[in-house]
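Notes follow once the structure below has been shown.
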Amino acid sequence: MKNDRQAMILEIISQENIETQEQLLTQLQERGISSTQATISRDIKQMHLIKEPVGHGVYKYAVSGNRTKLNFAEKLRTIFRESITSIACAQNIVVLKTMPGLASAACSALDNMDITYMVGSLAGDDTAFLLMQDAESAAAFCEEIRAML
Numbered sequence: 005m006k007n008d009r010q011a012m013i014l015e016i017i018s019q020e021n022i023e024t025q026e027q028l029l030t031q032l033q034e035r036g037i038s039s040t041q042a043t044i045s046r047d048i049k050q051m052h053l054i055k056e057p058v059g060h061g062v063y064k065y066a067v068s069g070n071r072t073k074l075n076f077a078e079k080l081r082t083i084f085r086e087s088i089t090s091i092a093c094a095q096n097i098v099v100l101k102t103m104p105g106l107a108s109a110a111c112s113a114l115d116n117m118d119i120t121y122m123v124g125s126l127a128g129d130d131t132a133f134l135l136m137q138d139a140e141s142a143a144a145f146c147e148e149i150r151a152m153l
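FYI, our numbering numbers position 88 of the sequence shown as 92, with every residue one higher than the one before it.
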C-alpha cells in the first residue's frame, strides 16, 4: 500500500506541476488512493522530494538530485546501528567495536562517505581504528556516531 502510494506520487509529480500537499492528496484520491495529509507529508520527507521553481514564483514537487545519496546515507546509518557495539576515542584515534566480522564493512562504508577529516581506517575482525586529523575531529565523530546509535 505504502509502496503503491509512493509510486503513484512519483508518477503524479512527473506528469503535473503539484505545488501543495493538498493538490497531491486530491490527485491521489482521483486515482483511487485514499490517504491523509499527514501521511503525504511523511511520504514527501521519506522520498526526499523537494520544491523546485517552475517560473513566475511558482514551485512544484520534484525528486531531489541527492535522493540516491540520501537513501545510501540512511542505509549506512541502519548498518551502523546494527553492527557497531561501541565507540571510543583516544587523541586523534577512534576505535569502533563491531559485531564479529563487520569491522571491515564498517571501514569500507566510512571510507566511501567522504569524511574530510578522516585520514584513514584499519579493520580487524570486530575492531576498527580510524585515524582522524586531530583530537577535536575524533571527539566530534564519536559524538555523531553515538547519536546515530
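All residues carry an ideal CB built from backbone N, CA and C; glycine is no exception.
- In this structure, Met122 sits near Leu134, with a CB-CB distance shorter than 7 Å.
- By the C-beta density criterion, Ser38 is exposed, having fewer than 16 other C-beta atoms within 10 angstroms.
- Distance check between Asp130 and each of Thr40, Glu56 and Thr89 places Thr89 closest, using alpha-carbon atoms only.
- When DSSP states are grouped into helix, strand and coil, Ile91 belongs to the strand group.
- Around Met12, the same chain offers Leu32, Arg35 and Ile37 as residues with beta carbons nearer than 8 Å, after the five sequence neighbours per side are excluded.
- With a threshold of 16 other beta carbon atoms within 10 Å, Ser112 falls short and is exposed.
- In this structure, Ala144 is the residue among Arg9, Ala144 and Ile16 with its C-alpha nearest to the C-alpha of Ile91.
- DSSP places Thr102 outside any alpha helix (DSSP H); the residue lies instead in the beta strand (DSSP E), whose first and last residues are Ile97 to Thr102.
- Counting of Cβ neighbours within 10 angstroms places Ala132 among the buried residues, the total reaching 16 or more.
- In this model, Thr120 and Thr30 are separated by some 45 Å (Cα to Cα).
- Shown here, Ile54 sits in a strand according to DSSP, grouped into three states.
- One Cα belongs to Val99, the other to Thr82, and the distance between them is close to 19 Å.
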